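In this note's numbering, the protein residues as written are 1 to 226. Working notes for the structure below.
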Ligand SMILES: [Fe+2]
Ligand SMILES: [Fe+2]
């Protein structure tokens with residue numbers, strides 16, 4: 001049996017986690033905003049993010065991989081750096097988070113070693129991110145203007161970009177440490193050899209840990225007679 005590519009299924013679990021936690025943050029925004037257009041935009045946005053989470057879940061399942069529940073993904077790490085308190089701050093952080101998601105998907109798409117199904121998923125999720133960035137950005141700018149100081153927007157974005165950059169570099173290094181290269185980095189020919197060696201290792205680990213039905217039955221028989 002073919003062993004699923006653990007590097008990819010782990011990366012997709014991180015993408016899925018970011019989409020799920022993004023939707024959670026938007027749900028929080030719903031309870032902080034009054035009635036009107038903001039609620040409509042948030043509803044549509046939440047639908048998109050949960051669809052993205054499902055597309056990554058499905059991609060992992062189609063590859064025969066294990067969907068991981070993560071506690072050290074992008075948003076968790078951002079949260080450890082200090083959570084935004086005000087509505088305006090959550091909007092500003094969301095602009096930066098959406099930009100990061102879009103950038104990461106584009107970096108992955110730019111590589112030549114992307115299979116057809118993954119390429120389709122990356123393109124599908126990226127298509128929605130442009131609208132997400134657009135409406136959240138204009139809402140945050142309007143909030144800054146309403147507070148009488150449009151520069152508040154740039155200040156908040158700059159503050160969250162510093163946190164985003166730190167967390168992103170940590171995550172890239174984590175992926176390189178685990179698998180030998182990172183799908184956000186530009187493609188290098190040696191990545192193919194690293195991926196081949198990883199696959200061979202997983203294959204032999206899977207073969208060694210194979211459960212044999214005959215052995216299981218023999219153990220059950222021995223236990224029953226004990
Ligand atoms: Fe998304
Ligand atoms: Fe998004």
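C-beta: ideal position from N, C-alpha, C; glycine also. As the structure is a computational prediction, the values presented were derived from the model and not from experiment.
DSSP-derived helix/strand/coil call for residue 101: If DSSP states are grouped into helix, strand and coil, residue 101 belongs with the helices.
Buried or exposed: residue 9, going by 16 or more other Cβ atoms within 10 Å of its Cβ? By the 10 Å Cβ count, residue 9 comes out buried.
Mind pulling the alpha helix (DSSP H) runs of 4 or more residues that sit fully within the region 60 to 145? The region 60 to 145 contains, as complete alpha helix (DSSP H) runs of 4+ residues, the segments 74 to 80, 87 to 109 (chain order).
Compute the beta-carbon to beta-carbon distance between residue 21 and residue 170, rounded to the nearest angstrom, for a pair I have assumed lies under 8 Å. At roughly 16 Å, the Cβ-Cβ gap does not stay under 8 Å, so residue 21 and residue 170 are not in contact.
Buried or exposed, going by whether 16 or more other CB atoms sit within 10 Å of the CB of residue 128? Buried is the call here.
Just how far apart, CA to CA, sit residue 137 and residue 45? Rounded to the nearest angstrom, the two C-alpha atoms are 13 Å apart.
DSSP on residue 230, reduced to helix/strand/coil? As shown, the chain starts at 1 and ends at 226. That puts residue 230 outside it, with no answer to give.
Should residue 99 and residue 109 be called a contact, given that it needs their Cβ atoms to be closer than 8 Å? Their beta carbons are not under 8 Å apart, which means residue 99 does not touch residue 109 by this criterion.
Exposed or buried, residue 162, counting other C-beta atoms within 10 Å across all chains shown (16 or more means buried)? By the neighbour-count criterion, in which 16 or more other beta carbons inside 10 Å mark a residue as buried, residue 162 falls on the exposed side.
What does the Cβ neighbour count give for residue 176, buried or exposed, with the cut at 16 atoms within 10 Å? Residue 176 should be labelled exposed.
I'd like to know whether the C-beta atoms of residue 202 and residue 6 end up nearer to each other than 8 Å. Against a cut-off of 8 Å, the Cβ pair of residue 6 and residue 202 comes out as a contact.
Under a criterion of Cβ closer than 5 Å to any non-hydrogen atom of ligand 1, which residues qualify, in chain order? Here the residues close to ligand 1, judged by CB distance below 5 Å to any of its heavy atoms, are 19, 49, 52 in chain order.
Can you check which of these residues, 67, 198, 87, is closest to residue 143 by C-alpha distance? Here the closest residue by C-alpha is 87.
Please report the distance separating the alpha-carbon of residue 224 from that of residue 214. For residue 224 and residue 214, the distance between alpha carbons rounds to 15 Å.
Assign residue 2 to one of three DSSP states: helix, strand, or coil. Correct three-state label for residue 2: coil.
My guess is that residue 16 and residue 50 are in contact by the Cβ rule of under 8 Å, so how many angstroms apart are they, rounded? Actually they do not touch by this definition, with Cβ atoms about 11 Å apart.
So residue 119 packs on residue 184, CB below 8 Å; how close in whole Å? The Cβ separation is near 16 Å, so there is no contact.
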